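Colleague:
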Amino acid sequence: AQRVTQPEKLLSVFKGAPVELKCNYSYSGSPELFWYVQYSRQRLQLLLRHISRESIKGFTADLNKGETSFHLKKPFAQEEDSAMYYCALGTGGFKTIFGAGTRLFVKA
Amino acid sequence: EAQVTQNPRYLITVTGKKLTVTCSQNMNHEYMSWYRQDPGLGLRQIYYSMNVEVTDKGDVPEGYKVSRKEKRNFPLILESPSPNQTSLYFCASRSSNSGNTIYFGEGSWLTVV
Chain A
1129 AQRVTQPEKL LSVFKGAPVE LKCNYSYSGS PELFWYVQYS RQRLQLLLRH
1179 ISRESIKGFT ADLNKGETSF HLKKPFAQEE DSAMYYCALG TGGFKTIFGA
1229 GTRLFVKA
Chain B
648 EAQVTQNPRY LITVTGKKLT VTCSQNMNHE YMSWYRQDPG LGLRQIYYSM
698 NVEVTDKGDV PEGYKVSRKE KRNFPLILES PSPNQTSLYF CASRSSNSGN
748 TIYFGEGSWL TVV
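Sequences listed follow chains A and B, in order. Residues in the first sequence are numbered from 1129 upward in steps of one, following this note's numbering. Residues in the second sequence are numbered from 648 upward in steps of one, following this note's numbering.
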């Protein structure tokens, strides 16, 4: 079955602390993995995707096919990182499966 | 500016009263889709369309209809809304090229009483 699991509904860290948002997926084919972010009162927007292997706003994510994971990491969290984060799995065509989301709260 | 526009943004309606949420994109994208966002359940796909006159069910299509008569528009129709359709709805579009970004609308808050 195709599935995306984000085990943490809420993650609270202090400013300057490292943060890791977990994402595991289940898919038998070649996955496309994405992280989307939704800041307060804004629309969802792409944060990063695994094929780009880029760092956006200090965030990185590495696809680990052995562990079927695509965890999002940032070494030093900022208050403006507080948002809802969704991990998403693209399975070809327009079938994209989203996880339940993790709300990140960065405390001053 | 490239964008996905949906209307209305906020709506309170009564059970059984038909309503339509419009969605329009100006990026000439082939793919369009509707999602609903519910607490603890994340985003769930309702319907999607791969091109004009080509639509298919997503994960939670019950109670919804869609149409794709023009490439830019993809309205979501609730023929007889029920309270369990109270949710935040997002329209989205994407180019047909694999790996391309999904662009989302701002969301439509729908309450059915």
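For every residue, glycine included, the Cβ atom is placed at its ideal position computed from N, Cα and C. Since the model is a prediction, treat every value here as computed from it, not as a measurement.
In whole angstroms, give me the CA-to-CA distance for residue 1169 of chain A and residue 724 of chain B.
Modeller: Distance between the alpha carbons of residue 1169 of chain A and residue 724 of chain B: 25 Å.
Colleague: Can you give me the Cβ contacts of residue 698 of chain B inside the same chain, cut-off strictly under 6 Å, excluding the 5 residues immediately before and after it?
Modeller: Once the five neighbours on either side are set aside, the close Cβ partners of residue 698 of chain B are 677.
Colleague: Per DSSP, what kind of secondary structure is residue 744 of chain B in: helix, strand or coil?
Modeller: Note: residue 744 of chain B maps to coil in three-state DSSP.
Colleague: What are the boundary residues of the beta strand (DSSP E) that residue 1170 of chain A is part of?
Modeller: No beta strand (DSSP E) contains residue 1170 of chain A, which DSSP labels as neither H nor E.
Colleague: Listed in chain order, which residues of the region 1134-1147 of chain A have Cβ atoms closer than 9 Å to some Cβ of chain B?
Modeller: Listed by position, the residues of the region 1134-1147 of chain A near chain B (Cβ gap below 9 Å) are 1134, 1137.
Colleague: Is there at least one Cβ from chain A nearer than 7 Å to residue 753 of chain B's Cβ?
Modeller: Closer than 7 Å to some Cβ of chain A, the Cβ of residue 753 of chain B qualifies, so yes.
Colleague: Would you please state the rounded distance, in angstroms, between the beta carbons of residue 1219 of chain A and residue 1130 of chain A? I believe it to be under 8 Å.
Modeller: With a Cβ gap of about 6 Å, residue 1219 of chain A and residue 1130 of chain A count as contacting.
Colleague: Please check the pair residue 683 of chain B and residue 740 of chain B, which I expect to be a contact at CB under 8 Å, by giving their CB distance rounded to whole angstroms.
Modeller: At roughly 17 Å, the Cβ-Cβ gap does not stay under 8 Å, so residue 683 of chain B and residue 740 of chain B are not in contact.
Colleague: Could you spell out the range, first to last residue, of the beta strand (DSSP E) harbouring residue 697 of chain B?
Modeller: Per DSSP, residue 697 of chain B belongs to the beta strand (DSSP E) from 689-698.
Colleague: Give me, in chain order, the residues of the same chain whose beta-carbon lies closer than 8 Å to that of residue 696 of chain B; leave out the 5 immediate sequence neighbours on both sides.
Modeller: Excluding positions up to five away in sequence, the list reads 678, 679, 680, 702, 703, 713, 715, 721.
Colleague: Can you tell me which residues form a DSSP beta bridge with residue 1179 of chain A?
Modeller: None; residue 1179 of chain A has no bridge partner.
Colleague: So with CB distances below 9 Å, who are the chain A contacts of residue 687 of chain B?
Modeller: Within chain A, the residues near residue 687 of chain B are 1137, 1228, 1229.
Colleague: Between the alpha carbons of residue 1153 of chain A and residue 1207 of chain A, how many angstroms are there, rounded?
Modeller: Going from the Cα of residue 1153 of chain A to the Cα of residue 1207 of chain A covers about 28 Å.
Colleague: Consult DSSP for residue 1206 of chain A and reduce its assignment to one of helix, strand or coil.
Modeller: Of the three classes helix, strand and coil, the one that applies to residue 1206 of chain A here is coil, per DSSP.
Colleague: If we ignore side chains and look at the alpha-carbon of each, how far apart do residue 661 of chain B and residue 690 of chain B end up?
Modeller: Approximately 24 Å between the Cα atoms of the pair.
Colleague: Against chain A, does residue 723 of chain B count as a neighbour if the rule is that its beta carbon must be under 7 Å from one of theirs?
Modeller: So, not an interface residue.
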